[in-house]
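Asks: Residues are numbered in my numbering as their position in the sequence shown, beginning at 1, plus a constant of 5. Don't be surprised by glycine CBs; every beta carbon is placed ideally from N, CA and C.
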Amino acid sequence: MSDLAGLLPELSTSSWLLVVLGALIVGFSKTALPGAGTLAAGAFALAMPAKESTAALLLLLILGDMTALWVYRREPDWRTLVRLLPSAMVGVIIGVFFFAAVDDTTVRVTIGVILLALVTLTLVRRAQAARRTAAEAESSDGPPATRAEAEGGSRKGAAATAQGVGYGLLGGFTTMVANAAGPVMSLYLLMMRMPVLTFLGTSAWFFAVINLFKLPFSAGLGLFTAETLAMDALLVPVVLLAAFAGAKVARRIPQSVFDKLVLGLTVLAAIGLLIP
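Here you go:
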């Protein structure tokens with residue numbers, strides 16, 4: 006233990022409180038509220054230099070992923086994962102080049118703007134869907150579905166695939182440059198109208214794959230240090246405790262409350278990224 010203490014980074018008391026808070030958020034977000042993960046990124050970025058914080062947080066996120074995967078391993082929507090993962094991997098590679106080329110401020114503002122735009126798009130689409138549902142209810146006594154309507158359903162499937170590719174690219178990009186893909190992917194899964202447990206299972210599998218895919222790229226950028234590894238080792242119990250608590254809470258959250266929390270946390274994360 007004394008050897009571990011000797012390797013720990015020299016942080017102020019307030020910085021230590023921030024990284025502990027971030028570790029708690031990582032564990033809880035992985036098993037209860039995926040959109041909250043960006044708050045952990047903000048806490049780590051306030052406590053440490055930006056690049057070091059990205060690496061330190063990635064290792065804790067992978068630990069959280071493994072815990073979430075164990076809890077929700079039977080819950081994913083595999084079709085959605087097939088839509089998302091290939092383009093997300095491409096997004097990670099784009100993010101590697103972007104990360105190396107720009108400064109921290111550009112990264113934060115870019116992701117903040119993307120998140121706010123996606124929240125707006127989600128709310129607009131929900132309002133449009135509600136109007137369509139109301140219109141369909143009024144005409145429910147009409148004739149059976151026609152061929153044109155069937156073709157419309159096929160076009161919707163193609164649109165869902167295109168959206169999955171787009172959100173996958175954004176998710177891969179934002180997770181590589183700032184560990185901030187939680188809100189992006191939460192918005193997509195929310196748009197798919199998934200039940201809470203399917204939402205959490207799909208999110209768990211997505212991030213387990215993508216964060217492991219990111220690992221060699223982060224190592225290649227020289228982001229990991231002995232101090233980072235020592236600090237993360239100390240924070241392991243914090244992540245596991247919070248993940249256990251999150252799994253208990255998630256099964257008691259009503260669907261409507263869950264949806265509102267995801268959207269609200271996404272807006273908070275976006276605003277936090279835009280504030281200097």
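Could you tell me whether the Cβ atoms of glycine 251 and glycine 176 are closer together than 8 Å?
Replies: No, they are not a contact pair.
Asks: Grab me the residues of leucine 12's own chain with a C-beta within less than 8 Å of its C-beta, minus the 5 sequence neighbours each way, in chain order.
Replies: Taken in chain order, the residues that qualify are Ala231, Glu232, Leu234, Ala235.
Asks: Rounded to a whole number of angstroms, what is the C-alpha to C-alpha distance between glycine 157 and glycine 171?
Replies: Residue placement at glycine 157 is flagged as unreliable, the pLDDT there being 46, under the threshold of 50; the coordinate-derived value follows with that caveat. The straight-line gap from Cα to Cα measures roughly 21 Å.
Asks: With a CB to CB cut of under 8 Å and the five nearest residues on each side skipped, what residues in its chain are close to arginine 79?
Replies: Excluding sequence neighbours, arginine 79 sits near Gly206.
Asks: Flag this pair as yes or no: are the beta carbons of valine 254 and alanine 28 separated by less than 8 Å?
Replies: Cβ distance not < 8 Å, so valine 254 and alanine 28 don't count as in contact.
Asks: I need the DSSP call for methionine 285, collapsed to helix, strand or coil.
Replies: Residue 285 is absent from the structure shown; the chain starts at 6 and stops at 281.
Asks: For glycine 42, I'd like the list of residues in its chain whose CB is within less than 6 Å of its CB, leaving aside the five on either flank, ordered along the chain.
Replies: Ser34, Gly187, listed in sequence order.
Asks: What first and last residue would you give for the alpha helix (DSSP H) that runs through alanine 209?
Replies: Here the alpha helix (DSSP H) through alanine 209 covers 201–225.
Asks: Taking 8 Å as the threshold (beta carbon to beta carbon), is methionine 181 in contact with chain D?
Replies: No chain D appears in the structure shown, which is made up of a single protein chain.
Asks: Short check: CB of phenylalanine 212 to CB of aspartate 70, under 8 Å?
Replies: In this structure, aspartate 70 lies closer than 8 Å to phenylalanine 212 by Cβ.
Asks: Since alanine 238 is in the alpha helix (DSSP H), which residue starts that stretch and which ends it?
Replies: Here the alpha helix (DSSP H) through alanine 238 covers 231–255.
Asks: Should proline 39 be labelled buried (16 or more other beta-carbon atoms within 10 Å of its own) or exposed?
Replies: By the 10 Å Cβ count, proline 39 comes out buried.
Asks: Helix, strand or coil: which one does DSSP assign to serine 17?
Replies: Three-state DSSP puts serine 17 in coil, outside helix and strand.
Asks: Taking the beta carbon of valine 76 as the centre, do at least 16 other beta carbons fall within 10 Å, making it buried, or is it exposed?
Replies: Under this definition valine 76 is a buried residue.
Asks: Can alanine 48 and leucine 23 be called in contact, C-beta distance under 8 Å?
Replies: Yes, these two residues count as a Cβ contact at 8 Å.
Asks: Quick check: the Cα distance between asparagine 184 and isoleucine 215, rounded to an integer number of angstroms?
Replies: Using only the alpha carbons, I get a separation of about 11 Å.
Asks: With a threshold of 16 other CB atoms inside 10 Å of the CB of serine 58, please say whether the residue is buried or exposed.
Replies: When all chains shown are included, serine 58 counts as buried.
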